[in-house]
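*Asks:* For the protein sequence lines, the chains are E and L, in the order given. Per this note's numbering, residue 1 is the first one in the first sequence, and the count goes up by one each step. Per this note's numbering, residue 1 is the first one in the second sequence, and the count goes up by one each step. Where is the CB? At the ideal position from N, CA and C, for every residue including glycine.
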Amino acid sequence: MGTPRTHAIRRRLATAIALALVGSLLLSGVASADLLTPESGGSPNADSIDTLYKLVFGLGIIVWLGVWGVLIYSLLKYRARKGAVAAQIHGNTKLEIGWTVAAALVLVFISVFTFATLPSIRNPPNSDEGLENVAGTTSGVAVAQSERLPPNGRALRIDVNGQQYVWRYTYTDGDGNPLNDVFSYEEMVVPAGVTVSLRIRAQDVAHSWWIPKLGGKFDAVPGHTNYTWFKVPAEKAGTVFRGQCAELCGRNHANMIAKVRAVTPEEFEAWLERKRSDIEASNEAAAQQRERVDAGQNP
Amino acid sequence: MAAADITTRGRTAAPAPQITAHRVEREPTGWLSWVTTTDHKRIGIMYLVTTFVFFIVGGVEALMMRLQLGQADNTLLSPQTYNALFTMHGTTMIFLFVVPVWAAFGNYFVPLMIGARDMAFPKLNALSYWLFLAGGLVFYASLFFSAPEMGWTAYTPLSETAFSPGGVDAWIFLVHLTGLSSLIGAVNFYATIANMRAPGMGWGRLPLFVWTVLVYAILLILALPVIAAAVTLLLTDRHFGTHFYDTQGDPMLWQHLFWFFGHPEVYIMIMPGFGVISEVLPVFARKPIFGYKAVAASSVVIAFLALLVWAHHMFTTPSPTVVLIFFMISSFLIGIPTGVKIFNWLATLWRGTIEFRTPLLFAASFISLFVIGGITGIIVAVFPVDWQLHDTYFVVAHFHYVLMGGAVFTIFAGLYYWFPKMTGRMLNEGLGKLSCALMWIGFTVTFLIQHSIGMDGMPRRVYEYPDIGNLELYNLISTIGSFILATGIGVTLVNVYISLRKGPKAGPDPWKGNTLEWFTPSPPPVNNFDVVPRVRSVEPMKDIRREIERNTGRAVQRAQPAPESAVQPGG
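1) Which value, in whole angstroms, describes the spacing of the CA atoms of Ala-116 of chain L and Gly-373 of chain L?
2) Report yes or no: do the stretch 63-70 of chain L and the stretch 228-239 of chain L share at least 3 C-beta pairs separated by less than 8 Å?
3) Along the chain, where does the beta strand (DSSP E) containing Asn-428 of chain L start, and where does it finish?
4) Quick one: is Ser-128 of chain L buried, meaning 16 or more other Cβ sit within 10 Å of its Cβ, or exposed?
5) Does Glu-187 of chain E have its Cβ less than 8 Å from a Cβ in chain L?
6) How about Lys-542 of chain L: is its C-beta nearer than 8 Å to some C-beta of chain E?
7) Check whether the Cβ atoms of Thr-376 of chain L and Tyr-401 of chain L lie closer than 8 Å to each other.
8) From what residue to what residue does the beta strand (DSSP E) around Leu-389 of chain L run?
9) Just checking: is the beta-carbon of Arg-11 of chain E within a distance shorter than 8 Å of some beta-carbon in chain L?
10) Return the chain-ordered list of same chain residues with a C-beta closer than 7 Å to the C-beta of Pro-299 of chain E, the five sequence neighbours on each side being excluded.
11) Listed in chain order, which residues of the stretch 57-69 of chain E have Cβ atoms closer than 7 Å to some Cβ of chain L?
12) Checking the sheet assignment: what are the DSSP bridge partners for Ser-197 of chain E?
13) Of all the options L:Phe-54, L:Asn-125, L:Arg-425, L:Leu-493, which has the alpha carbon lying nearest to the alpha carbon of Ala-506 of chain L?
14) Any Cβ of chain L within less than 8 Å of the Cβ of Ser-43 of chain E?
15) Just to confirm before moving on: does the CB-CB distance between Ala-311 of chain L and Phe-290 of chain L stay below 8 Å?
16) For the putative contact between Val-196 of chain E and Phe-230 of chain E, defined by C-beta atoms under 8 Å, what is the C-beta separation to the nearest angstrom?
17) Are Ala-381 of chain L and Phe-419 of chain L touching if we call contact CB-CB under 8 Å?
18) Whole angstroms are fine: how far does the CA of Ala-228 of chain L sit from the CA of Arg-122 of chain E?
19) Which residues, in order along the stretch 342-372 of chain L, keep a beta-carbon less than 8 Å from a beta-carbon of chain E?
20) For Asn-107 of chain L and His-40 of chain L, which I take to be in contact (beta-carbon distance under 8 Å), what is that distance rounded to the nearest angstrom?
21) Please report the straight-line C-alpha distance between Leu-118 of chain E and Ile-498 of chain L, rounded to a whole angstrom.
22) What's the gap between the Cα of Val-70 of chain E and the Cα of Arg-351 of chain L?
23) Let me know the secondary structure DSSP gives Ser-478 of chain L once reduced to three states.
24) Rounded to a whole number of angstroms, what is the C-alpha to C-alpha distance between Thr-552 of chain L and Arg-546 of chain L?
25) Considering only their Cβ atoms, is the gap separating Pro-178 of chain E from Asp-204 of chain E smaller than 8 Å?
26) Suppose the cutoff is 6 Å on Cβ atoms and the five residues either side in sequence are ignored; what does the same chain contact list for Ile-270 of chain L look like?
27) Using a cut-off of 8 Å between C-beta atoms, extract the partners of Ala-285 of chain L located in chain E.
28) Checking 8 Å against the spacing of the C-beta atoms, do Arg-288 of chain L and His-90 of chain E come in under that value?
29) Can you name, in chain order, every residue of its own chain whose Cβ lies under 8 Å from the Cβ of Thr-37 of chain E, other than the five neighbours on each side?
30) For Ser-298 of chain L, which residues in the same chain have their Cβ closer than 7 Å to its Cβ, ignoring the five residues on either side in sequence?
31) Any residues in the stretch 71-98 of chain L with a beta carbon nearer than 7 Å to a beta carbon of chain E? Which ones, in chain order?
32) Determine, for Tyr-53 of chain E, whether the minimum Cβ-Cβ distance to residues of chain L falls below 8 Å.
33) Terminal residues of the continuous beta strand (DSSP E) containing His-40 of chain L?
34) List the whole-angstrom C-beta distance separating Ala-155 of chain E from Thr-264 of chain E, where the pair is believed to meet the contact cut-off of C-beta under 8 Å.
35) How big is the Cα-Cα spacing for Gly-29 of chain E and Ala-347 of chain L?
36) Quick one: is Tyr-185 of chain E buried, meaning 16 or more other Cβ sit within 10 Å of its Cβ, or exposed?
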């Protein structure tokens with residue numbers, strides 16, 4: 001009885017696979033509109049995650065079409081009709097082992113692809129040539145094994161601190177004294193083309209740092225430090241990337257906004273200088289005030 | 001039992017006709033008889049009614065949230081109210097609906113399906129119901145004081161007194177009370193299934209629904225003590241000066257303990273649903289389940305792996321990469337037995353004669369939706385991808401595909417399948433099909449678009465969002481879908497209300513079922529069975545029907561000889 005039926009099954013299988021491929025191609029068209037994929041385009045790690053997602057998603061679409069195809073086909077073809085008799089099949093060991101192994105193979109494939117992509121997601125590249133020594137960047141050994149530093153060790157290191165309900169950014173200058181460091185709230189200003197290495201902490205409850213176009217999110221858990229990085233392509237200077245806290249942190253969680261403004265290295269150096277002199281000016285003002293108070297005058 | 005054994009064992013040749021009488025006792029009525037009952041069927045119905053009340057409450061909470069999100073920067077609800085709503089919605093659906101609704105079906109049908117008179121410990125069974133109800137009441141009583149706002153995951157330090165002065169304690173007591181209830185129930189299920197099966201019902205002939213209730217019970221026994229201990233430590237942190245979960249202790253400890261319970265809980269919620277599908281498909285395809293052993297064994301494998309995947313909820317926390325890799329691989333592995341189940345269900349439909357009754361439609365809808373939840377589950381198991389998707393609407397969509405498209409559709413399949421047995425009346429088919437169609441469409445409109453909402457950068461648990469990109473449009477679509485979904489559920493509630501009074505009489509076996517619950521009248525008498533038949537296969541009712549057909553067929557033949565070509569059942 002074998003041949004005609006197996007031919008028919010093969011033909012159907014071939015049609016199904018062809019349909020699946022055409023379907024995924026069509027969907028990938030829609031996907032480019034970012035309806036079906038995560039945000040990307042602001043940093044190489046976000047782009048790699050996007051690639052990895054698209055592969056798993058494509059395989060998922062094929063499995064989905066297969067299951068829906070068989071389901072709909074069976075429901076239509078094997079409806080109870082007059083005179084139809086259900087085949088009393090109790091199982092088929094070979095077939096069952098077959099689809100178990102097939103499922104396992106797909107997952108092995110996804111694992112291998114994940115491991116292959118992982119370095120480009122985890123490990124930052126060096127800053128663009130000529131930008132290694134932009135003001136604010138420091139070199140040095142990683143403080144923890146999981147700190148994300150480029151091969152040459154030079155990066156703009158920023159401490160990200162989550163608190164109810166605002167993000168605070170400290171631009172560490174590497175002198176070990178955090179009190180004279182430049183800082184800002186909500187909006188982080190970074191030079192495009194320079195690798196930025198983040199240390200993420202929280203001071204009250206758990207928060208989560210997430211700028212979708214700049215890569216994945218990393219939780220800020222009190223008592224722990226989390227690390228990530230991003231590097232905005234040089235041509236994207238002038239772009240503001242928006243994100244917000246992604247871990248429930250209380251009533252105003254929805255308004256704990258984070259912004260990253262990418263600027264040219266020159267603009268960044270000017271911004272950093274202005275911030276630094278602002279801090280010095282207010283330090284001086286405070287010192288003068290102290291003197292006045294000490295001298296018994298009105299503050 | 002002794003009489004039953006004699007009658008069944010004596011049935012080697014033609015059975016000697018005999019009448020077995022049991023003591024005729026008028027069934028007690030009135031509310032007191034319900035309060036004091038230890039009958040597994042009445043407890044099952046009390047569970048079912050109570051859980052559906054909580055389901056409606058949790059559904060209303062969901063609709064209020066969807067109304068708030070239907071518009072960008074909406075001011076309908078305050079952030080305080082919104083946070084309380086998603087906390088109560090999640091807690092209600094998990095602790096007060098999906099987990100205990102399986103206690104409802106399990107209580108009613110496990111003894112019937114294994115041919116037992118009642119559960120092993122009827123009084124404990126009643127205690128388990130009342131503890132569950134107490135847990136629900138304690139939790140909802142918090143509405144009159146201060147409702148919890150920390151989310152159903154109660155992450156520390158947010159759930160410590162410094163940040164959440166009120167509400168969390170009611171949640172802790174809910175976990176204690178419903179946990180104790182489920183634990184007692186689980187021990188009861190285990191004892192019943194292990195000891196009270198009908199003669200001949202070995203482990204290889206146990207109905208697949210009972211297999212899954214067994215696995216559900218074992219998972220409850222393994223997972224619940226962990227959360228009970230964890231919330232007790234939270235309670236001492238909050239009121240007795242300990243520091244387990246604040247920065248003097250470690251907030252990560254809470255996350256690990258919570259998810260060590262939380263992930264098995266997902267399989268606790270879906271497992272008996274798998275069982276319902278494995279019962280419904282063969283009955284309506286008129287075909288044995290494809291690969292009984294694989295379907296039963298995959299439940300056990302899923303349960304084992306379910307205990308090893310908890311940290312995939314913590315991919316974004318400060319954890320070593322090797323931990324992330326372990327939990328990615330273990331989460332992948334759990335996809336294999338789950339895939340095996342789906343493939344076996346499809347093969348059960350293949351070459352059957354499928355009757356399009358409402359339970360079958362809900363079962364097929366379940367497969368169509370659950371497979372999407374499974375695929376997105378693999379996507380979020382890839383930890384670098386999860387770094388983008390974690391805590392966004394993508395994850396909200398994913399777990400609603402698993403728990404709403406998955407578990408809730410199986411609950412409805414079970415409701416339509418077993419309602420005739422529980423009440424003696426059929427549910428209306430037209431309304432049932434309408435309800436299924438509306439629920440499927442409503443569900444898809446609500447949740448499919450939420451994947452995109454998440455990938456566009458909208459985190460979960462936010463009471464408002466700015467209209468960036470298409471966020472407002474997508475959210476409006478989702479809100480419209482949620483009301484279609486609610487209408488579909490409403491149709492079933494109306495159907496139950498009407499059919500209880502006017503539904504056609506069901507008779508003992510309206511679907512031509514395979515398992516022993518269809519051997520008794522509908523609804524079954526207090527003692528369930530006068531005679532417990534000897535079980536010879538996974539489908540004892542099919543055997544009994546065949547035997548009757550053979551016997552009566554022979555009698556018919558003797559009376560009026562027919563040509564040999566007549567269809568011989570079985571063969």
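*Replies:* Put simply:
1) 36 Å
2) no
3) Here Asn-428 of chain L belongs to no beta strand (DSSP E), and DSSP marks it neither H nor E.
4) buried
5) no
6) no
7) yes
8) Per DSSP, Leu-389 of chain L belongs to no beta strand (DSSP E); it is in the alpha helix (DSSP H), 383-389.
9) no
10) Gln-289, Arg-292, Val-293
11) Phe-57, Gly-60, Val-63, Trp-64, Val-67, Trp-68
12) E:Arg-157, E:Trp-229
13) L:Arg-425
14) no
15) no
16) 6 Å
17) no
18) 37 Å
19) Ile-342, Phe-343, Asn-344, Leu-346, Ala-347, Leu-349, Trp-350, Arg-351, Gly-352, Thr-353, Ile-354, Glu-355, Phe-356, Ala-364, Ile-367, Ser-368, Val-371, Ile-372
20) 5 Å
21) 58 Å
22) 11 Å
23) helix
24) 10 Å
25) no
26) Gly-406, Ala-407
27) Tyr-78, Ala-86
28) For the record, residue 288 of chain L in the displayed sequence is Pro; it is not Arg. Yes; because the gap between Cβ atoms is below 8 Å, this pair is in contact.
29) Ala-31, Asp-50, Tyr-53, Lys-54, Phe-57
30) Pro-337, Val-340, Lys-341
31) Pro-79, Gln-80, Asn-83
32) yes
33) Taken as a continuous stretch (DSSP letters only), His-40 of chain L belongs to no beta strand (DSSP E), being part of the alpha helix (DSSP H) at 40-69.
34) Not confirmed; about 18 Å, so no contact.
35) Confidence at Gly-29 of chain E is low in this model, with a pLDDT of 49, below 50, so the placement of that residue should be treated as unreliable; the coordinate-derived value is given next. Near 33 Å, if we compare the C-alpha coordinates of Ala-347 of chain L and Gly-29 of chain E.
36) exposed
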